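Down below is the structure, laid out as structure tokens.
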Ligand SMILES: [Zn+2]
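In the working numbering, the protein residues as written are 2 to 313.
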């Protein structure tokens with residue numbers, strides 16, 4: 002489906018630490034024995050100098066994990082686990098979709114056979130609908146890095162081990178983009194729900210989440226576009242999902258249960274509190290922070306419907 006764009010939401014996202022934030026150089030994995038070298042904030046060489054940044058994967062990873070948890074509460078088999086073996090205790094969670102689908106499957110078939118979470122975030126067989134850029138320091142709100150001393154607790158004995166220093170971002174802002182393309186309203190809702198939970202501190206970024214680190218505040222700006230010949234039918238605050246915008250062929254391949262119907266009764270549009278204006282290519286709207294939050298709140302319940310509706 003990625004040969005054509007039917008709808009697209011480009012979010013410019015500003016991430017500000019609410020509690021000290023540490024994205025470690027060399028990865029986000031939690032470790033038992035912290036080493037000073039591992040506790041430095043990740044940096045990138047940019048504009049002639051080294052500066053702290055948030056790799057896109059450091060934002061994407063926690064959002065995906067949280068989306069998987071949300072989906073599992075409704076239908077466990079719609080969030081696969083790349084590490085599940087299908088064995089003891091986790092039999093309702095399928096192992097990796099990518100392994101089950103097979104590498105040579107037709108993209109539309111691979112999409113249909115993948116779980117709901119993979120359909121949004123992708124796997125090694127199907128492309129992701131959502132892309133995360135890296136997040137760079139906002140020149141208007143420089144990132145303040147400080148060293149904090151922390152103490153590791155021995156997990157077995159409960160005694161304290163050597164104190165260690167962590168380099169954390171305690172102020173400033175990082176800016177990047179999240180692009181969602183060819184999405185159903187439920188996929189918009191699931192991504193939105195995860196982002197709102199991140200903004201509410203229900204999930205956090207980086208190292209030391211259990212110590213209260215990594216809570217962030219998000220500010221959004223959005224640019225929403227509907228493209229293609231069907232887009233102009235939706236101009237009055239009525240937001241369709243990709244299945245209503247796609248051409249006949251795409252709909253037949255990716256949404257076979259909806260094909261053959263001019264306006265599929267299972268599909269719906271979302272009444273949104275802003276208007277989409279006609280442009281040369283389709284219709285579009287620029288959204289302020291509050292409008293993006295409203296859009297997420299309106300769309301959030303729809304992933305539950307989509308996950309519940311999906312057979313098998
Ligand atoms: Zn999957």
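Virtual Cβ for every residue (Gly too), placed ideally from N, Cα, C. Small disclaimer: the values here were computed from a predicted structure and weren't measured.
Next item on the list: Note down the Cα distance separating residue 24 from residue 124, rounded to an integer number of angstroms.
Entry: Along the chain shown, read from residue 1 onward, the residue named residue 24 stands at position 23. Along the chain shown, read from residue 1 onward, the residue named residue 124 stands at position 123. The straight-line gap from Cα to Cα measures roughly 24 angstroms.
Checklist line | With 16 other Cβ atoms within 10 Å as the buried cut-off, status of residue 250 | finding: Sequence index remark: in the chain shown, residue 250 carries index 249 (1-based). By the 10 Å Cβ count, residue 250 comes out exposed.
Check: Going by beta carbon distance, what residues of the same chain come within less than 6 angstroms of residue 241, once the five residues before and after it are set aside?
Finding: Reading the chain shown from its first residue, position 240 is the one you call residue 241. Within the same chain, residue 241 has close Cβ partners 235, 270.
Checklist line | Backbone CA spacing between residue 290 and residue 300 [nearest angstrom] | finding: To locate residue 290, count along the chain shown from 1; it is residue 289. To locate residue 300, count along the chain shown from 1; it is residue 299. Taking the straight line from one Cα to the other gives about 15 angstroms.
Checklist line | Range of the contiguous beta strand (DSSP E) that encloses residue 58 | finding: Here residue 58 corresponds to residue number 57 of the chain shown, with the count starting at 1. Per DSSP, residue 58 belongs to no beta strand (DSSP E); it is in the alpha helix (DSSP H), 57-75.
Item checked: Reduced DSSP category for residue 15 - H, G, I as helix; E, B as strand; rest coil -> By one-based count along the chain shown, residue 15 stands at place 14. Residue state, collapsed to three classes: strand.
Note to self: Between which residues of its own chain and residue 185 is the CB-CB distance below 7 angstroms, once the five residues before and five after are set aside?
What the structure shows: For this step, residue 185 is matched to residue 184 along the chain shown. Taken in chain order, the residues that qualify are 242, 243, 244, 307.
Note to self: Beta-carbon within less than 6 angstroms of residue 265's beta-carbon, same chain only, minus the 5 sequence neighbours each way: which residues are those?
What the structure shows: Taking the first residue of the chain shown as position 1, residue 265 is located at position 264. Its pLDDT being 49, under 50, residue 265 is placed unreliably in this model, and the value from its coordinates should be taken loosely. Taken in chain order, the residues that qualify are 259.
Item checked: Neighbourhood of residue 15 by C-beta distance below 6 angstroms, restricted to the same chain and skipping five residues each side -> Position 14 of the chain shown, counting from 1, holds the residue named residue 15. The answer, listed in chain order, is 174, 176, 220.
Next item on the list: Look at the alpha carbon of residue 206 and the alpha carbon of residue 285, and state the distance between them as a whole number of angstroms.
Entry: The residue labelled residue 206 in the question sits at position 205 within the chain shown. The residue labelled residue 285 in the question sits at position 284 within the chain shown. Those two C-alpha atoms are separated by around 32 angstroms.
Notebook entry, point to check: Rounded to a whole number of angstroms, what is the C-alpha to C-alpha distance between residue 20 and residue 145?
Noted result: Working through the chain shown from its first residue, we reach residue 20 at position 19. Working through the chain shown from its first residue, we reach residue 145 at position 144. Roughly 12 angstroms between the two C-alpha positions.
Note to self: At the level of alpha carbons, what is the spacing between residue 154 and residue 216?
What the structure shows: Looking up residue 154 in the chain shown gives position 153. Looking up residue 216 in the chain shown gives position 215. The alpha-carbon atoms of residue 154 and residue 216 are separated by roughly 22 angstroms.
Item checked: the segment 122-140 contacting the segment 57-76, beta-carbon criterion three pairs below 8 angstroms -> Contact between the segment 122-140 and the segment 57-76 is present, because at least three Cβ pairs lie under 8 angstroms.
Check: Can you tell me whether residue 158 is buried or exposed, with buried defined as 16 or more other CB within 10 angstroms of its CB?
Finding: Here residue 158 refers to the residue found at position 157 when the chain shown is read from its first residue. Flag for residue 158 reads exposed.
Notebook entry, point to check: Between residue 150 and residue 166, which are expected to be in contact by the criterion C-beta below 8 angstroms, what is the C-beta distance as a whole number of angstroms?
Noted result: Residue 150 sits at position 149 when you count from the first residue of the chain shown. Residue 166 sits at position 165 when you count from the first residue of the chain shown. Their Cβ separation, rounded to whole angstroms, is 6 angstroms, which keeps residue 150 and residue 166 in contact under 8 angstroms.
Next item on the list: Put residue 302 into one of helix, strand or coil per three-state DSSP.
Entry: In the chain shown, the residue the question calls residue 302 occupies position 301. Helix at residue 302.
Item checked: Identified DSSP bridge partners for residue 8 -> Looking up residue 8 in the chain shown gives position 7. DSSP lists 227 as partners of residue 8.
Margin query: At a threshold of 7 angstroms, does residue 115 count as lining ligand 1 (C-beta to nearest heavy atom)?
Written below: Position 114 of the chain shown, counted from the first residue, corresponds to residue 115. The answer is yes for residue 115.
Checklist line | Distance CB(residue 214)-CB(residue 169) smaller than 8 angstroms | finding: Translated into the one-based positions of the chain shown, residue 214 becomes position 213. Translated into the one-based positions of the chain shown, residue 169 becomes position 168. Contact flag set, yes.
Next item on the list: Consult DSSP for residue 101 and reduce its assignment to one of helix, strand or coil.
Entry: Residue 101 sits at position 100 when you count from the first residue of the chain shown. Here residue 101 sits in helix by DSSP.
Checklist line | Coil, strand or helix - residue 122 by DSSP | finding: Sequence index remark: in the chain shown, residue 122 carries index 121 (1-based). Here residue 122 sits in helix by DSSP.
Note to self: Suppose contacts are defined by Cβ-Cβ distances below 8 angstroms. Is residue 303 in contact with residue 273 by that definition?
What the structure shows: Position 302 of the chain shown, counted from the start, is the residue given in the question as residue 303. Position 272 of the chain shown, counted from the start, is the residue given in the question as residue 273. Taking C-beta atoms as the reference points, residue 303 and residue 273 fail to come closer than 8 angstroms.
Next item on the list: Kindly indicate the opening and closing residues of the beta strand (DSSP E) around residue 166.
Entry: In the chain shown, counting from the first residue as 1, residue 166 sits at position 165. Residue 166 -> beta strand (DSSP E) spans 161-172.
Next item on the list: Count the other CB atoms, across all protein chains shown, that sit within 10 Å of the CB of residue 233; report buried if there are 16 or more and exposed otherwise.
Entry: Here the question's residue 233 lines up with position 232 in the chain shown. Exposed, by the Cβ-count rule.
Item checked: Endpoints, the beta strand (DSSP E) within which residue 131 is located -> Residue numbering aside, residue 131 sits at position 130 when the chain shown is read from its first letter. Where residue 131 is concerned, the enclosing beta strand (DSSP E) stretches over 131-133.
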